[in-house]
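Okay, structure first, notes after.
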Amino acid sequence: MSAIAASQPAQVQQKGLVTLFKDGKWIDAPRNDVNNWLVQVMIITPDWAAKVLNQRNLENRDEKPAYQEKLVRALKNGKFYLTNQGIGFYNNGQLADGQNRLASIVKSGISTKMIVVFGIDEDAKPAIDDGVKRSDIDVARLTGDRETPKRAI
Numbered sequence: 001m002s003a004i005a006a007s008q009p010a011q012v013q014q015k016g017l018v019t020l021f022k023d024g025k026w027i028d029a030p031r032n033d034v035n036n037w038l039v040q041v042m043i044i045t046p047d048w049a050a051k052v053l054n055q056r057n058l059e060n061r062d063e064k065p066a067y068q069e070k071l072v073r074a075l076k077n078g079k080f081y082l083t084n085q086g087i088g089f090y091n092n093g094q095l096a097d098g099q100n101r102l103a104s105i106v107k108s109g110i111s112t113k114m115i116v117v118f119g120i121d122e123d124a125k126p127a128i129d130d131g132v133k134r135s136d137i138d139v140a141r142l143t144g145d146r147e148t149p150k151r152a153i
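First residue of the sequence shown: 1, per my numbering; consecutive thereafter.
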């Protein structure tokens, strides 16, 4: 967790509009009326992903083609799982997080379930993807390997 995220607790905002995808279309809804829609599990199709990338991806970092190819392989091999890391949108409906995941869905042509979060405060930008990348030993341990010495990995 970043120092910014750790030092500033999340606050419930009760005013303003949130742009979200509901019932097959993008809508602006009062924040008070969307509490049940701010986090959804959605089936992300290649078509929807392409539209988001083309219309709602204005201020993201450079794409990571090698990471996208890794995700494409995972999608094609049935190893792309529903996790807490999905797609995020700011209050105004612009993409906050997930451009490489979306691009991978487009490239693979495979639909998949993902968590989608709407209404992220733009002040949270520095805290998105601010974690430490897992090392090979971290991955080995998470997948049950307790025997391989760290130096071998």
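C-beta atoms are modelled at their ideal positions from N, C-alpha and C, and glycine is treated no differently.
Here the structure is a predicted model, which means the values were calculated and not measured.
- Rounded to the nearest whole angstrom, the C-alpha separation of Arg-61 and Gly-98 is 11 Å.
- In the displayed model, Gln-68 falls within a helix according to three-state DSSP.
- Contiguous beta strand (DSSP E) elements confined to the stretch 78-121 occur at 87-90, 95-97, 112-120, taking only those with 3 or more residues.
- Taking the Cα of Asp-47 as reference, the smallest distance to any Cα among Asp-145, Ser-111, Leu-75 is reached at Ser-111.
- Within the same chain, Cβ atoms closer than 7 Å to the Cβ of Val-39 are found at Ile-115, Val-117, the five residues on either side in sequence being excluded.
- Short of 7 Å from the beta carbon of Asn-92, and not among the five residues preceding or following it, lie these beta carbons of its own chain, in chain order: Thr-19.
- Within a 10 Å sphere around the beta-carbon of Ala-66 sit fewer than 16 other beta-carbons, which makes this residue exposed.
- In this structure, Val-52 sits near Leu-95, with a CB-CB distance shorter than 8 Å.
- With respect to Ser-104, Gln-68 sits close: the two C-beta atoms are nearer than 8 Å.
- Linking Thr-143 to Pro-30 through their CA atoms gives a straight-line distance of about 43 Å.
- When C-alpha distances from Lys-125 are compared across Lys-107, Leu-71, Phe-89, Asn-100, the shortest belongs to Phe-89.
- In the structure shown, Asp-136 falls within a helical segment according to DSSP collapsed to helix, strand and coil.
- Taking 8 Å as the cut-off, the Cβ atoms of Asn-100 and Glu-63 count as close.
- Taking each of Asp-129, Ile-128, Glu-147 in turn and checking the Cα distance to Ile-137, the smallest one comes out for Glu-147.
- In the structure shown, Asp-28 falls within a strand segment according to DSSP collapsed to helix, strand and coil.
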